[in-house]
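Student:
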Amino acid sequence: MPLQRLDEAFGVGRRAEGERRVLRTYKWMQFRGKEEVTDFDEAHFATEGIFSQNSSEGHKEYQDRLRSIHLRKEGMEKAAIAKALGRSERFVAKWWQKEPKEIPRPWGVHEYLTKDMGRNARGVGSTNGATMTDESAADVATWWRDVEVKRKFADDPVIYEEILNNTDWKPNNARTRDFATGAYHLKYDQRGNIRWEGHQAGKYKPGLSPAMDKAIQKLFVEYGIADRTSGIITNWYPDGQGYLGSHRHDCWTALFSFGHERILTIDNTPLLMQDGDLCIFGTQRHGVPVMPEISDGRITLVVFFYPNEMQKKGMWQTITDPETMEASPALGRMLHDRHLGAQAEKGSWDKELLALQQLGFARADALVALQGSHGDVDKAAELLLMSGAVPEEASPETGRWKSEGHSTSSASTAIGTASSSSEAPEDEQLARQLLEVPMSDAEVAALAMQLEELEGPREWDPSLLAAQFQEYEEKFTLEDAERWNGHGDLMHSPFSREHLSLEKMDPVTLYSVGHGDMLEKDFWEMLQCHSIRVLYDIRPTDHRGELFARHQRFNVQALRSQCRARGIFFKPMPVGRESAYGTLAHIRSDEGRHTLVELAWQAKRKRTAFMGSEELWQDDNRQVVAEELVKAGHLVEHVRTDGSTEKHLTVQYPDWLLREEDRLRLLEKKRQAGEANTTVHKSRLERSSEAVAARLARPVEELDAMTELRNAANQTELVVAQRKLARYQRLAEEKGLLANKVLKNVPEWVREDAMKQAEWVAAKKKEKAEQAAGANGKGEDKTSESPAGSSPAEPEPDTQAPAREPEAEERPRRGRWARHREV
Numbered sequence: 001m002p003l004q005r006l007d008e009a010f011g012v013g014r015r016a017e018g019e020r021r022v023l024r025t026y027k028w029m030q031f032r033g034k035e036e037v038t039d040f041d042e043a044h045f046a047t048e049g050i051f052s053q054n055s056s057e058g059h060k061e062y063q064d065r066l067r068s069i070h071l072r073k074e075g076m077e078k079a080a081i082a083k084a085l086g087r088s089e090r091f092v093a094k095w096w097q098k099e100p101k102e103i104p105r106p107w108g109v110h111e112y113l114t115k116d117m118g119r120n121a122r123g124v125g126s127t128n129g130a131t132m133t134d135e136s137a138a139d140v141a142t143w144w145r146d147v148e149v150k151r152k153f154a155d156d157p158v159i160y161e162e163i164l165n166n167t168d169w170k171p172n173n174a175r176t177r178d179f180a181t182g183a184y185h186l187k188y189d190q191r192g193n194i195r196w197e198g199h200q201a202g203k204y205k206p207g208l209s210p211a212m213d214k215a216i217q218k219l220f221v222e223y224g225i226a227d228r229t230s231g232i233i234t235n236w237y238p239d240g241q242g243y244l245g246s247h248r249h250d251c252w253t254a255l256f257s258f259g260h261e262r263i264l265t266i267d268n269t270p271l272l273m274q275d276g277d278l279c280i281f282g283t284q285r286h287g288v289p290v291m292p293e294i295s296d297g298r299i300t301l302v303v304f305f306y307p308n309e310m311q312k313k314g315m316w317q318t319i320t321d322p323e324t325m326e327a328s329p330a331l332g333r334m335l336h337d338r339h340l341g342a343q344a345e346k347g348s349w350d351k352e353l354l355a356l357q358q359l360g361f362a363r364a365d366a367l368v369a370l371q372g373s374h375g376d377v378d379k380a381a382e383l384l385l386m387s388g389a390v391p392e393e394a395s396p397e398t399g400r401w402k403s404e405g406h407s408t409s410s411a412s413t414a415i416g417t418a419s420s421s422s423e424a425p426e427d428e429q430l431a432r433q434l435l436e437v438p439m440s441d442a443e444v445a446a447l448a449m450q451l452e453e454l455e456g457p458r459e460w461d462p463s464l465l466a467a468q469f470q471e472y473e474e475k476f477t478l479e480d481a482e483r484w485n486g487h488g489d490l491m492h493s494p495f496s497r498e499h500l501s502l503e504k505m506d507p508v509t510l511y512s513v514g515h516g517d518m519l520e521k522d523f524w525e526m527l528q529c530h531s532i533r534v535l536y537d538i539r540p541t542d543h544r545g546e547l548f549a550r551h552q553r554f555n556v557q558a559l560r561s562q563c564r565a566r567g568i569f570f571k572p573m574p575v576g577r578e579s580a581y582g583t584l585a586h587i588r589s590d591e592g593r594h595t596l597v598e599l600a601w602q603a604k605r606k607r608t609a610f611m612g613s614e615e616l617w618q619d620d621n622r623q624v625v626a627e628e629l630v631k632a633g634h635l636v637e638h639v640r641t642d643g644s645t646e647k648h649l650t651v652q653y654p655d656w657l658l659r660e661e662d663r664l665r666l667l668e669k670k671r672q673a674g675e676a677n678t679t680v681h682k683s684r685l686e687r688s689s690e691a692v693a694a695r696l697a698r699p700v701e702e703l704d705a706m707t708e709l710r711n712a713a714n715q716t717e718l719v720v721a722q723r724k725l726a727r728y729q730r731l732a733e734e735k736g737l738l739a740n741k742v743l744k745n746v747p748e749w750v751r752e753d754a755m756k757q758a759e760w761v762a763a764k765k766k767e768k769a770e771q772a773a774g775a776n777g778k779g780e781d782k783t784s785e786s787p788a789g790s791s792p793a794e795p796e797p798d799t800q801a802p803a804r805e806p807e808a809e810e811r812p813r814r815g816r817w818a819r820h821r822e823v
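Structure (structure tokens):
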């Protein structure tokens, strides 16, 4: 028997209004412009336990496929699995013999949810402070944990005030995750500045709240969470305007709520959390929406942890007991005591285990030997040597001594068994080795200076020593700040933003390229001439956030596919979008500075190029990026179409680039006032019957809406893609057969957005027509009130002139950059 759903158990969506006693009614808004109202009845606050909850039918489908595999490995029969999951035996038979990697990913399930939890070999994974150990379960099936709710788990009214008054609160930046790798991307506003979340964040340390410390220890004991492997943070929402966007964690989460009651959305299901309540869940999407009716504060304490094998078994324990749907207390205690015993036994051997590892023995072999010798390190070492386990040297020597075949360390010296009397012969042997190896003049001079310093008086300048240590400290800090796996954004970490800047980066060489009207083959040959392995797309976007590519072969999706086929890392980071007022204004923002630092980081490790839309760099906005890099001490080479390069020197920006910010600000004001004239004046040739017939004969471009949505790499790109598809759908409905692009497989929410856009456009047109009609009415009134002696019927001189054709035919055709020079 499958678990009860969370939304059904907590009264969300019930229709039997006569059977409900509503205790609370709240307005809340998870997404901008979408307000919802939810009633919470008395059953909502009395219900607790374990419940199933999924983001979509695709997530539920994928989870049941993985559960079929897991329960089959646990020894369950096909019929029992089908009954536990609420699926047919045919469904179970299709999936239960497969491996998790063979399970296809349904629509809506992000790629990183199909991989193991935590960090992989390249470091891609969590940044939540939790630590994975050898006992942690990290397979794909572990992602999908059911939701557990416990009311009043930490029922102490002083916890809220203690945490509030003893925590150093700081603003928290907004982030989104890469759908493929799970890495984090920073969110920026329209001007390119960092977007901040609507709450304050803090770090919890033992001692901030004694009552909370007891509650955390209670949690750790009941659920078998190791203190050293957990990460704990706190979030403070001062009032109902404080919020946290919907997101996922790549670990398990235990969330405490203190203070005023607030809604916690779990896969869009509102759960009203009160003071002292606890909610434990896996990787479900969750968030804290805006609740404008609330004026009091609320604090959440979040414990991140990776489950061990015992917790993983308990994850599906309720499914395997269809009679009571409850976990077995006896089995839980047995597994818990066994796990705690193993942890305590292993924890008591930490020093012995470290000593054997320093000898060079593998951790697993050392642990087995310690278990066999009951913790005696000498006996364990003897057992390892007798079994044939050869220790690796803890600190192998490198340099010319190793190349000559001499070794200056051994296992006996590593464990300290050699007596002090053996030190002199070893020194003598080393001295003989030194005499046998010829030394160059430079090495002799360096050795003489070193001996002179050792023999002379030791007078150290404290200030010089402090400066030396300060230099080392800064170098180590910079290395720590540059630690990044190449996925997501380098500057998403507050530590990196604090310590990294373009001027502090080591000087590197970058390449500047532009595609223009080049053929695909020629463009990639140009990159191959310089062995480019990293390509950043810095072409600007319009006010909608969309990039217009002159040729289909150079749009973002085509470039991403082509780079993947050639083993080139590709990342779009637009510089100079219209909403940020152009390139010069955008490069001064947080987003622009972060882009420059990331380019320098990539160029330090691989050959990196940034791409514009024009072949000549003098006609492209990428000259601003090159100028900023050169000013910071880096080298930029502009690559011509024939493969040759030109070194970038300091230049004077052209007029169209200097006036771009003023032009875009004026355009934004006109657009907001509804005065932006988007009418395109076509020439007589373009309006001819032949041109119209050719345009009608051209096949309509058909786009798959679901494919376009699936190609989005993160939440920011997904929002832009959804708006674009809604606009295409609206234009297709308006123009019918004359539409240039037609969508297929259109989801319902895209159609709803298209209808909202159509209603908004119609309202704006109506408002503009009413304003124009009002202006004409005022003009007629003024004409009727003209003084005597004048002839109101006589038209003005301008009205007597014949109507003229648009000036587009008479003006000479201007270059493609003329639009940038207009104000």
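So the sequence shown is residues 1 to 823, counted in UniProt numbering.
In this text, a Cβ means the ideal position worked out from N, Cα and C, and glycines have one as well.
The structure displayed is predicted, hence computed values, not measured ones.
(1) Between Ala793 and the rest of its own chain, which residues show a CB-CB distance below 8 Å, the 5 nearest in sequence each way excluded?
(2) Which residue from Leu278, Arg687 and Gln190 puts its Cα closest to that of Pro540?
(3) Reducing DSSP to helix, strand and coil, say where Ser496 ends up.
(4) Between which residues of its own chain and Leu6 is the CB-CB distance below 6 Å, once the five residues before and five after are set aside?
(5) How would you write the range of the alpha helix (DSSP H) that Thr707 sits in, first residue to last?
(6) Are the CB atoms of Val290 and Gly240 within a distance shorter than 9 Å?
(7) Start and end of the alpha helix (DSSP H) containing Leu559?
(8) Could you check where the alpha helix (DSSP H) with Glu594 kicks off and where it finishes?
(9) For Gly576, collect the residues of the same chain with a Cβ closer than 7 Å to its Cβ; drop the 5 residues on either side in sequence, then sort them by chain order.
(10) Helix or strand or just coil, what does DSSP make of Leu219?
(11) Which residues in the same chain as Arg333 place their Cβ atom closer than 8 Å to its Cβ, once the five residues preceding and following it in sequence are excluded?
(12) Which partner residues of Val39 appear in the DSSP bridge assignment?
(13) Throw me the rounded Cβ distance for the Ala721 and Val746 pair, which I believe falls under 8 Å.
(14) Please classify Leu3: is it buried, with 16 or more other beta-carbons within 10 angstroms of its beta-carbon, or exposed?
(15) State the beta-bridge partners of Arg32 as determined by DSSP.
(16) By how many angstroms is the C-alpha of Ala254 removed from the C-alpha of Cys279?
(17) So, for Ala380: in the same chain, excluding its five sequence neighbours on each side, which residues have a beta-carbon less than 8 Å away from its beta-carbon?
(18) Quick check on Asp178: buried or exposed, where buried means 16 or more other Cβ atoms within 10 Å of its Cβ?
(19) How is the beta strand (DSSP E) around His199 delimited, first residue to last?
(20) Since Leu635 sits in a beta bridge, which residues does DSSP pair it with?
(21) Can you give the Cα-Cα distance for Arg607 and Ala467, rounded to whole angstroms?
(22) Is the separation between the beta-carbon of Ala609 and that of Val534 shorter than 9 Å?
(23) Can you round the beta-carbon distance between Pro100 and Tyr62 to whole angstroms, since I take them to be within the 8 Å contact cut?
(24) Please state the DSSP three-state secondary structure of Met755.
(25) Using a Cβ-Cβ cut-off of 7 Å (strictly less than) and excluding sequence neighbours within five positions of His530, which residues of its own chain qualify?
(26) Taking the alpha carbon of Tyr112 as the reference point, which residue from Asp250, Arg727 and Glu482 has its own alpha carbon closest?
(27) Can you tell me the Cβ-Cβ gap for Ala201 and Glu162, rounded? I've got them flagged as a contact below 8 Å.
(28) Tell me the DSSP secondary structure of Cys529 in three-state form.
(29) Measure from the C-beta of His551 to each C-beta in chain C and report whether the shortest distance is under 9 Å.
(30) Determine the direct distance from the alpha carbon of Gly774 to that of Val625, and round the result to whole angstroms.
(31) Can you tell me which of the three DSSP states Thr477 falls into?
(32) Rounded to a whole number of angstroms, what is the C-alpha to C-alpha distance between Leu219 and Asn166?
(33) Using the beta-carbon count (16 or more within 10 Å), is Val158 buried or exposed?
(34) By Cβ distance below 8 Å, which residues in the same chain neighbour Lys27 in space, the five residues on each side in sequence not counted?
(35) Beta-carbon separation of Gly245 and Trp236 under 9 Å?
(36) What residues are listed by DSSP as bridge partners for Trp236?
Tutor: This is what the structure gives:
(1) Confidence at Ala793 is low in this model, with a pLDDT of 41, below 50, so its placement is unreliable and the value that follows should be read with caution. No residues qualify anywhere along the chain.
(2) Gln190
(3) helix
(4) Phe51, Gln53, Val147 and Thr269
(5) Ala705 to Arg710
(6) yes
(7) Val556 to Arg566
(8) First, the amino acid is wrong: residue 594 is His here, not Glu. Note, His594: alpha helix (DSSP H), Asp590 to Ala603.
(9) Pro540, Gly582, Thr583, His586 and Asn621
(10) helix
(11) Unreliable positioning characterises Arg333 in this predicted model, as indicated by a pLDDT of 44, which lies under 50. The coordinate reading is nonetheless provided below. Excluding residues within five positions, none has a Cβ falling inside 8 Å.
(12) Here the sequence assigns Asp to residue 39, which means Val is not the residue at that position. In DSSP, Asp39 forms a bridge with Thr25.
(13) Between Val746 and Ala721 the Cβ distance is about 13 Å, and since that is not below 8 Å, they are no contact.
(14) buried
(15) Per DSSP, none; premise fails for Arg32.
(16) 6 Å
(17) Glu352, Leu356, Ala366, Ala369, Leu370, Gly372 and Ser373
(18) buried
(19) Trp196 to Lys203
(20) Thr509
(21) 35 Å
(22) yes
(23) Not really, about 10 Å apart at Cβ, beyond 8 Å.
(24) helix
(25) Tyr511, Arg607 and Val639
(26) Asp250
(27) Going by Cβ atoms, the distance from Ala201 to Glu162 rounds to 17 Å, so no, they are not a contact pair.
(28) helix
(29) In the structure shown, chain C does not exist; there is a single protein chain.
(30) 49 Å
(31) helix
(32) 22 Å
(33) exposed
(34) Glu35, Glu36, Val37, Met291, Pro292 and Glu293
(35) no
(36) Gln200 and Ile299
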